[in-house]
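Each remark here refers to the structure printed beneath this line.
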Amino acid sequence: MGPWDAAAVAVKAVLYGATLAAAGGVFFLTYSASLLEALDRAAIRRRVALLTAVAMVATAARILVTAASMSGEASGMLDAGLLGLVWHGGEGRAAVVRAAGLLLPAPALATDRRPRVWANAGACGAATSFAWVGHIHIHGLRWTALVLAIHLLAAAFWVGALWPLRLLTRGDDAGRVAAVVARFGSLALGAVGLLVLAGIVVLATLLGSASELWRSDYGRVACIKLALVGCLLAFAAFNKLRLTPRLSAGLCEPGLRAPGDRAAARALSRSIGAEMALAGAIFLATAALTSLSGPPA
Amino acid sequence: MLWAVCAAAAMLSPMPAFAHAKLLSTSPTAGAQVDVPPKALTLRFDEEVQLAVLKLSTGGTDIPVPFDRGAQAAPEVTVALPDLAPGTYRVQWSALTADDGHVVKGTFSFVVAAAAH
Chain F
1 MGPWDAAAVA
11 VKAVLYGATL
21 AAAGGVFFLT
31 YSASLLEALD
41 RAAIRRRVAL
51 LTAVAMVATA
61 ARILVTAASM
71 SGEASGMLDA
81 GLLGLVWHGG
91 EGRAAVVRAA
101 GLLLPAPALA
111 TDRRPRVWAN
121 AGACGAATSF
131 AWVGHIHIHG
141 LRWTALVLAI
151 HLLAAAFWVG
161 ALWPLRLLTR
171 GDDAGRVAAV
181 VARFGSLALG
191 AVGLLVLAGI
201 VVLATLLGSA
211 SELWRSDYGR
221 VACIKLALVG
231 CLLAFAAFNK
241 LRLTPRLSAG
251 LCEPGLRAPG
261 DRAAARALSR
271 SIGAEMALAG
281 AIFLATAALT
291 SLSGPPA
Chain Z
298 MLWAVCAAAA
308 MLSPMPAFAH
318 AKLLSTSPTA
328 GAQVDVPPKA
338 LTLRFDEEVQ
348 LAVLKLSTGG
358 TDIPVPFDRG
368 AQAAPEVTVA
378 LPDLAPGTYR
388 VQWSALTADD
398 GHVVKGTFSF
408 VVAAAAH
């Protein structure tokens, strides 16, 4: 793997992370706005805007770095013919859908209004833009693209809630955190189930058989991703089954009495931080999976 | 439990498998030594591709090889070569898979032998 190939994987990982986190941030504002203080909502809106900007830059960088990776040198980024080929090869269509989707929530983010249909439609479009190009389009199996879109939407819902929840756990009102976490938790169960099931259906379609998990390079990288997802699920289960009840009951540490105690919020903050780090590793594994090697023949 | 059953069923059920385009063969063949300088270079793939980059070099010197990037995607790509002097030639190629827009690339070498006297 050359330096430009490594750069292409890194840029793609950033693109996945920023796009899904921005889209998920819009979802989060939609279902939790009524539980948040105006200051919290403003802080989340600012970060969604920042993530949107990062995703837009990464979208452009993705096309430039892909051209450099194909050329094997930096001059590929200035080769109009090569850039045109990358654009028309599918990346352009995905970039347009993603950019439009990321910009649709902008009016809602400029005010303190709860994001409505257009903002959420845009967030859905941005999150699912990755389904417009890639391995699943081989042989024109469009139903797999739909399953991948479900996987991406569920990923956006989950990842896009992690960073706002962590932001809230740093505040003073642990009781409010408990209410928001409870609302997220009630929705997350179905989303995480869809995420895992849709991911496995897509992987099974691409691999063809379970034995390819250890026989092919693609399968082995997929195993790394699955292991990371397993760790992430373990953290999520720990948060839901142990920390969330303690956050409400104030029983995170001996001697704590008041509901929604700060210590419980701090423990949750650390756990969510670990989830975010794992999510970053999953994006990196996914970027490698979708860039460096194809599914087995 | 239901998820686990569905997941296992999805993994174990037979499904068609998909792959990146693969380079099946080249002409001249990778690693070959040819006595007569080739007039053309051919890359054969297992599916349709669009050739994006083709660099030919010998002894660190690039040799321009014009080709049409806008050509219709095809499983076989042939490019005319200029007159090649005896030496070892390195070919660096890169293409986009027509179906999924993914990048495939690689390198190979061939040798043009000096003419016997």
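The listed protein sequences correspond, in order, to chains F and Z.
Just so we're aligned: the first sequence equals residues 1 to 297 in the working numbering.
Just so we're aligned: the second sequence equals residues 298 to 414 in the working numbering.
Positions of the beta carbon are idealized from the N, C-alpha and C atoms, including for glycine.
All values reported here derive from a predicted model rather than from experimental measurement.
On the three-state DSSP scale, how would you describe Z:G356?
-> Here residue 356 of chain Z refers to the residue found at position 59 of the second sequence. In the three-state scheme derived from DSSP, where H, G and I count as helix and E and B as strand, Z:G356 is classed as coil.
Give a single yes or no on whether Z:G398 has its beta carbon closer than 7 Å to a heavy atom of the ligand GDP.
-> Of ligands this structure carries none, so the ligand GDP is not represented either.
In or out: F:L303 buried (at least 16 other Cβ within 10 Å) or exposed?
-> There is simply no residue 303 of chain F to check, as chain F begins at 1 and stops at 297 in what is shown.
Would DSSP call F:G280 helix, strand or coil?
-> Position 280 of the first sequence, counting from 1, holds the residue named residue 280 of chain F. Residue state, collapsed to three classes: helix.
Check each residue of the region 338 to 366 of chain Z: if its Cβ is closer than 7 Å to any Cβ of chain F, include it; give the result in chain order.
-> The region 338 to 366 of chain Z vs chain F, Cβ under 7 Å: Q347, A349, V350, R366.
So is Z:K402 in contact with chain F if we call contact Cβ pairs under 8 Å?
-> In the second sequence, residue 402 of chain Z corresponds to position 105, counting from 1. A Cβ of chain F is located within less than 8 Å of the beta carbon of Z:K402.
Would you kindly work out how many angstroms separate the C-alpha atoms of F:S129 and Z:V408, rounded to a whole number?
-> The residue you call residue 129 of chain F lines up with position 129 of the first sequence. The residue you call residue 408 of chain Z lines up with position 111 of the second sequence. Near 46 Å, if we compare the C-alpha coordinates of Z:V408 and F:S129.
For F:G255, count neighbouring C-beta atoms within 10 Å of its own C-beta (all shown protein chains included) and say buried if the count is 16 or more, exposed if not.
-> Here residue 255 of chain F refers to the residue found at position 255 when the first sequence is read from its first residue. Caution is warranted here: a pLDDT of 48 is assigned to F:G255, below 50, making its placement in the model unreliable, and no coordinate value can be reported.
Whole beta strand (DSSP E) elements within the region 29 to 105 of chain F, 3-residue minimum | With a minimum length of 3 residues, no continuous beta strand (DSSP E) run stays inside the region 29 to 105 of chain F.
Please compile the residues from chain Z whose C-beta is within a distance smaller than 8 Å of the C-beta of F:L85.
-> In the first sequence, counting from the first residue as 1, residue 85 of chain F sits at position 85. Residues of chain Z whose Cβ lies closer than 8 Å to the Cβ of F:L85 are, in chain order, Q347, A349, R366, L393.
Residue range of the unbroken beta strand (DSSP E) whose run includes F:G175 = On the first sequence, residue 175 of chain F is found 175 positions in, with the first residue counted as 1. Taken as a continuous stretch (DSSP letters only), F:G175 belongs to no beta strand (DSSP E), being part of the alpha helix (DSSP H) at 174 to 207.
Compute the distance between the beta-carbons of F:A279 and F:L162, then report whether it is under 8 Å.
-> Counting from one through the first sequence, the residue named residue 279 of chain F turns up at place 279. Counting from one through the first sequence, the residue named residue 162 of chain F turns up at place 162. The Cβ atoms of F:A279 and F:L162 lie closer than 8 Å to each other.
Rounded distance between the beta-carbons of Z:T355 and Z:G384, thought under 8 Å | The residue given as residue 384 of chain Z occupies position 87 in the second sequence. The residue given as residue 355 of chain Z occupies position 58 in the second sequence. Z:T355 and Z:G384 do touch by the CB rule: their CB atoms are close to 5 Å apart, below 8 Å.
For a contact meaning CB atoms closer than 7 Å, what does F:S69 contact in chain Z?
-> Counting from 1 along the first sequence, the entry for residue 69 of chain F is found at position 69. Those are V400, listed as they occur along chain Z.
Exposed or buried, which one is F:A288 when buried takes at least 16 other CB atoms within 10 Å?
-> What you label residue 288 of chain F is simply residue 288 of the first sequence in a count that begins at 1. With 16 or more other Cβ atoms within 10 Å, it is buried.
Is it buried or exposed for F:G89, if we count other Cβ within 10 angstroms and need 16 for buried?
-> Walking along the first sequence from the start, residue 89 of chain F turns up at place 89. Burial call: buried.
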